[in-house]
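Numbering (the UniProt record's numbering), first residue to last: 1 to 334. Glycine included, C-beta positions come from ideal geometry on N, C-alpha and C. All of these numbers come straight from a predicted model, not from anything done at the bench.
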């Protein structure tokens, strides 16, 4: 097998240029003929020896060789980039595994610290467990002593058995007393109490905000209903005005059209106000007067004109009933 050769090329690619440090090749879009530092000397020597044709073929062959080397370098660079991406993925995977192991180590350290802090308690539990096992071994003899209800032999063994029986009863009583209990540290209890207090404060704040939102919603609904009723009234007036046009001169028509434009502006303003109230329903709302003095005066004038036109139409119809021509057309003297 051939020995592996270490690459000593530093290649940089760009949209318009290509450069290599070892071969010193430079290709650009602006120059029509590429310049080769390495092949220039070879071409000049060949011109002196073999003529122009041989030198040109040698230059083209060297150019093709250099281009093949460039392609080879590009392939190697692509391979190295793929390997680099694979290594990056493996490094990321290892880092994830290390983070997982670090978290697991922290949990195990907490458990170890808990065991170290409660080692005395564990030793006492171990002694109690040993005594319990001893009592189980001597349980048959204890049963016989309880059945006889009297001590027949005052020896060391019997006193030890009686003490073990008393210890067993005490352990059973303690286990029954603290059956559903848990051991926690003082700082954990303080943290729990502070958490409960914070939750209670948040619940109170939520209830207050809810009540404020309900009141605000009622105010908004009331004002929106008021504005909608006013808007419907204005639209009815506008329809009635369009249904019964005036019979005055051109100047009066011009005046009524300006009033109609102002009346439409009033309607648009209150429709905009309704939309703003519907969008800004979270902000506090202040109920204001629906119309100002000028708008009230305009509405009153429109109502008066509407009533006058209705009366005029009524009298015209009544008058047409008594004065009709032969063709049935009403003659309006007004």
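- 134 is the residue among 134, 77, 175 whose C-alpha sits nearest the C-alpha of residue 163.
- For residue 128, the enclosing alpha helix (DSSP H) has its first and last residue at 119-137.
- About 7 Å separates the Cβ atoms of residue 237 and residue 306, confirming a contact at the 8 Å cut-off.
- Residue 107 and residue 191 have their alpha carbons spaced roughly 20 Å apart.
- Taking a cut-off of 8 Å for Cβ pairs, the region 125-133 and the region 94-107 do not touch, as fewer than three such pairs fall below it.
- The residues 231, 234, 235, 238, in chain order, have a CB closer than 8 Å to that of residue 267 in the same chain once the five nearest residues on each side in sequence are set aside.
- Residue 180 carries a coil assignment under DSSP once its states are collapsed to helix, strand and coil.
- CA-CA distance, residue 63 to residue 80, rounds to 25 Å.
- Around the beta carbon of residue 109, fewer than 16 other beta carbons lie within 10 angstroms, which makes this residue exposed.
- In the three-state reduction of the DSSP assignment, residue 272 falls in the helix class.
- The criterion of a C-beta distance shorter than 8 Å is not satisfied by residue 227 and residue 299.
- Taking a contact as a CB-CB distance under 8 Å, the pair residue 220 and residue 277 counts as one, their CB atoms being some 6 Å apart.
- At a Cβ-Cβ threshold of 8 Å, residue 263 and residue 302 count as neighbours.
- Across the structure, residue 69 and residue 87 are spaced so that their CA atoms are roughly 26 Å apart.
- Our two residues, residue 312 and residue 240, have alpha carbons roughly 15 Å apart in a direct line.
- Using a 10 angstroms sphere on the CB of residue 66, the tally of other CB atoms reaches 16 or more, which defines it as buried.
- Secondary structure of residue 185 (DSSP, three-state): coil.
- Counting the other Cβ atoms within 10 Å of the Cβ of residue 169 gives fewer than 16, which makes it exposed.
- By the neighbour-count criterion, in which a residue is buried when 16 or more other Cβ atoms sit within 10 angstroms of its Cβ, residue 73 is buried.
- Note on geometry: alpha-carbon atoms of residue 304 and residue 223 lie some 27 Å from one another.
- Just measuring C-alpha positions, the residue of 95, 271, 199, 185 sitting nearest residue 225 is 271.
- Uninterrupted beta strand (DSSP E) stretches at least 3 residues long and entirely within the region 55-79 do not occur.
- Here residue 171 has 128, 132 as same chain residues with Cβ atoms under 7 Å from its own Cβ, once five neighbours each way along the sequence are excluded.
- Here residue 215 has no same chain residue with a Cβ atom under 8 Å from its own Cβ, once five neighbours each way along the sequence are excluded.
- In this model, residue 118 and residue 207 are separated by some 44 Å (Cα to Cα).
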